[in-house]
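Asks: Supplied in C-alpha cells, the structure appears directly below.
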Amino acid sequence: MKKKSSANKQINLRPFSSILVDGPERAAARAMLYPVGFTEEDFKKPIIGIASTWSNVTPCNMHIDKLALEAEKGANAGGGKAIVFNTITISDGISMGSEGMKYSLVSREVIADSIETVVGCGGMDGYVAIGGCDKNMPGAMICIARMNRPAVFVYGGTILPGCLTQVVGQASSLPDSETRRQDARSTTKELDVVSVFEAIGQHAAGKISDEELHAVESCAIPGAGSCGGMYTANTMASAIEALGMSLPNSSAQNAISPAKLDDCRRAGAAVVNMLKQGIKPLDILTKKAFENAITVVIALGGSTNAVLHLLAIAHAAKVKLTIDDFTRIGKRVPVLADLKPSGKFSMSALVAIGGIRPLMKTLLDAGL
Numbered sequence: 076m077k078k079k080s081s082a083n084k085q086i087n088l089r090p091f092s093s094i095l096v097d098g099p100e101r102a103a104a105r106a107m108l109y110p111v112g113f114t115e116e117d118f119k120k121p122i123i124g125i126a127s128t129w130s131n132v133t134p135c136n137m138h139i140d141k142l143a144l145e146a147e148k149g150a151n152a153g154g155g156k157a158i159v160f161n162t163i164t165i166s167d168g169i170s171m172g173s174e175g176m177k178y179s180l181v182s183r184e185v186i187a188d189s190i191e192t193v194v195g196c197g198g199m200d201g202y203v204a205i206g207g208c209d210k211n212m213p214g215a216m217i218c219i220a221r222m223n224r225p226a227v228f229v230y231g232g233t234i235l236p237g238c239l240t241q242v243v244g245q246a247s248s249l250p251d252s253e254t255r256r257q258d259a260r261s262t263t264k265e266l267d268v269v270s271v272f273e274a275i276g277q278h279a280a281g282k283i284s285d286e287e288l289h290a291v292e293s294c295a296i297p298g299a300g301s302c303g304g305m306y307t308a309n310t311m312a313s314a315i316e317a318l319g320m321s322l323p324n325s326s327a328q329n330a331i332s333p334a335k336l337d338d339c340r341r342a343g344a345a346v347v348n349m350l351k352q353g354i355k356p357l358d359i360l361t362k363k364a365f366e367n368a369i370t371v372v373i374a375l376g377g378s379t380n381a382v383l384h385l386l387a388i389a390h391a392a393k394v395k396l397t398i399d400d401f402t403r404i405g406k407r408v409p410v411l412a413d414l415k416p417s418g419k420f421s422m423s424a425l426v427a428i429g430g431i432r433p434l435m436k437t438l439l440d441a442g443l
C-alpha cells in the first residue's frame, strides 16, 4: 500500500454526500431521504452504499439480502449512514450450454456500470459490494478500481457439499467423490455441481439410470452459496482477498455461517475507517498486489478465468498487467491445494483448516 502523507491534513469524510444534501438549496434531496430512514443527524454522516447482488436467480446469491443488512449495520455502527441497493446477477451454472451463456461476460460489465451509476448518482462517499456468483466479483472490482472511492468487497461465501447416501454393497457407477463410512449399512458421497455434469455424461453413456441421475441432481446443491470447489467464484474471492480489497480470511467462509455475517458487519465499519484514514482502492491495487493475487490463485489451483478477470481489474486500476506476468509467476509457484475440480476436497474443507491465511503464510515463508 502506498504511504499516506503524515501531515495533519483535515480529511473530508463527506466529499460527495455533502454536495448532494448540504444547504438550503438541497432541501428537496433531503426530503426524498427522510422516508427511507434518514434523521437530521444522518445528514451529517458519510453516506455508505451497500451494493447487493441478491437474487433468487441462483443459490450463489439467494442469501445476500441478509448479508447486505449486516453490512448496513456495520456501516451505521462505524459512523456512516448506509443505503442498500441492488444490482443484477446471472448464473453460469444454469445458462451453461445454452444461448443464455452469451450474456455471462457481458453481465460483468453491467454489474460494474450499474454499481457505478448508483454510487455516483447517490453521492455515496464509500461503499461495500457483496457478490456471490462468478461475474459478481470482477464486476464489483472493476467498479471499485474505476471509481476509486473507499470500498470493500465481501464474498457471499461457499456452499456446503451435497451428500448422497447409498446402501453398502449396492452397485453404483456414480461419479467418483470423497466417500466415507457412515454406519454398518450405508456410505455418504460428497457431491457438488460438477458431480451433476459427470452424472449427465455417465447417463448419456448408459452407465447410470434415470433414478441415479436424479439422485445426484436433487442433492448436489443443498442450499445457499457459490459452487463449492475452486471454481471461478471461490478463485476470484481468494484473489480479491490477496489483492487487499476484502478483509483478511473473508474469502474462505461458508455462505451460511456466523463468520460470514461478521465479515459483512466488519466490512461496513471498514469503509468508514478507510474514509477516516484517507485510504482509497488505488492505494491498495498496486502491481505487487496483483502479483500476490496471481500467486494465491496458482497455489490454490484456481480457475483460469482469473486471467481474464484480473487483467480487466488491472486495466480499470491503470496497472500494467499482462499474460506474461501469469506465466512468469506460474513458473515459480507450485500448486499447494488439493481442491475440486482438479483435486479431491471442497472449499468447505479449506474453511475448516483456517481458510487461505495458512496458505498465504506458507507462500510468504517460502518467499513466493
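Its first residue numbered 76, the sequence shown is counted upward by one per residue in our numbering. All C-beta atoms, glycine included, are put in the ideal place defined by N, C-alpha and C. Note that the structure is predicted; figures quoted are calculated from it, not measured.
1) Is it true that the stretch 335-354 meets the stretch 187-207, where meeting means three or more beta-carbon pairs spaced less than 8 Å apart?
2) For a test of the three-state rule: what should DSSP assign to GLU191, helix, strand or coil?
3) In chain order, what residues of the same chain have a beta carbon less than 7 Å from the beta carbon of ARG256, not counting five sequence neighbours either side?
4) Rounded C-beta distance between ASP338 and VAL426? I'm assuming under 8 Å.
5) When you compare each of LEU396, ILE354 and GLU273 to ALA364 by their alpha carbons, which one comes out closest?
6) How big is the Cα-Cα spacing for GLY304 and ALA102?
7) Using the C-alpha atoms, what's the distance from SER326 back to SER130?
8) For LEU414, list the residues DSSP reports as bridge partners.
9) Can you round the beta-carbon distance between GLY296 and PRO134 to whole angstroms, since I take them to be within the 8 Å contact cut?
10) At which residues does the beta strand (DSSP E) containing GLY201 begin and terminate?
11) Between the stretch 374-391 and the stretch 213-227, can you find at least three pairs of beta-carbon atoms closer than 8 Å?
12) So which of ILE404, LEU288 and ARG183 has the shortest CA-CA distance to GLY276?
13) Reducing DSSP to helix, strand and coil, say where VAL372 ends up.
14) Between which two residues does the alpha helix (DSSP H) harbouring ALA102 extend?
15) Leaving out the 5 sequence neighbours to the left and right, which residues in its chain are closer than 7 Å to ALA334 when beta-carbon positions are compared?
16) Expressed to the nearest angstrom, what Euclidean distance is found between the alpha-carbon atoms of SER252 and SER127?
17) With distances taken from CA atoms, which of ILE283, SER301 and ALA330 is nearest GLY168?
18) Does the beta-carbon of GLY430 have 16 or more other beta-carbons within 10 angstroms, so that it is buried, or is it exposed?
19) At which residues does the beta strand (DSSP E) containing GLY124 begin and terminate?
20) Could you spell out the range, first to last residue, of the alpha helix (DSSP H) harbouring PHE401?
21) Count the other CB atoms, across all protein chains shown, that sit within 10 Å of the CB of ASN211; report buried if there are 16 or more and exposed otherwise.
22) Tell me the DSSP secondary structure of PHE118 in three-state form.
23) Just list the residues that DSSP pairs GLY237 with in beta bridges.
24) Taking the beta carbon of ALA82 as the centre, do at least 16 other beta carbons fall within 10 Å, making it buried, or is it exposed?
25) With three or more C-beta pairs closer than 8 Å as the rule, is the stretch 94-112 touching the stretch 180-198?
26) I believe LEU318 touches ALA368 by the beta-carbon criterion, under 8 Å. Please report the beta-carbon distance rounded to the nearest angstrom.
27) Give the straight-line distance between the Cα atoms of THR162 and VAL132, rounded to the nearest whole angstrom.
28) Ends of the alpha helix (DSSP H) at SER158?
29) For ALA424 versus VAL371, is the C-beta distance shorter than 8 Å?
30) Kindly indicate which residue of CYS294, ILE331 and THR361 has the alpha-carbon position closest to the one of MET320.
31) Relative to the C-alpha of ALA381, which candidate in ILE139, THR307, LEU235 and GLY172 has its C-alpha closest?
32) Which residue from ASN87, THR164 and SER173 puts its Cα closest to that of ILE186?
33) Which two residues bound the contiguous alpha helix (DSSP H) that contains VAL291?
34) Could you pull out every residue in the same chain whose Cβ sits closer than 6 Å to the Cβ of GLY124, ignoring the five residues on either side in sequence?
35) Enumerate in chain order the residues of its own chain whose CB-to-CB distance from ASN309 is below 7 Å, with the five nearest sequence positions on each side excluded.
36) If you drop the 5 nearest sequence neighbours on each side, which residues of the same chain put their C-beta closer than 6 Å to that of GLY377?
Replies: Result, derived from the coordinates:
1) yes
2) helix
3) Low per-residue confidence applies at ARG256: pLDDT is 47, beneath 50, and the placement is therefore not dependable, though the value from the model is reported in the following sentence. Only THR262 meet the Cβ criterion.
4) Contact flag wrong, Cβ pair sits at about 12 Å.
5) LEU396
6) 51 Å
7) 20 Å
8) PHE420
9) As written in the sequence, residue 296 is Ile, which differs from the Gly given in the question. Right, their Cβ atoms sit about 6 Å apart.
10) 201-206
11) yes
12) LEU288
13) helix
14) 102-108
15) GLN328
16) Note that SER252 has pLDDT 49, beneath the 50 cutoff, so the model's placement of it is unreliable and the number below is only indicative. Near 34 Å, if we compare the C-alpha coordinates of SER127 and SER252.
17) SER301
18) buried
19) 122-127
20) 398-405
21) buried
22) helix
23) LEU266
24) Any reading at ALA82 needs caution, since the residue's pLDDT is 49, under 50, leaving its predicted position unreliable; the model's value is listed next. ALA82 comes out exposed.
25) yes
26) 5 Å
27) 12 Å
28) Here residue 158 turns out to be Ile, not Ser, going by the sequence shown. ILE158 -> not in any alpha helix (DSSP H); beta strand (DSSP E) instead, spanning 156-161.
29) no
30) The shortest Cα separation from MET320 among CYS294, ILE331 and THR361 belongs to THR361.
31) THR307
32) THR164
33) 285-292
34) ILE158, VAL194, MET199 and TYR202
35) These residues qualify, in order along the chain: THR233, SER301 and MET422.
36) Once the five neighbours on either side are set aside, the close Cβ partners of GLY377 are MET305 and THR310.
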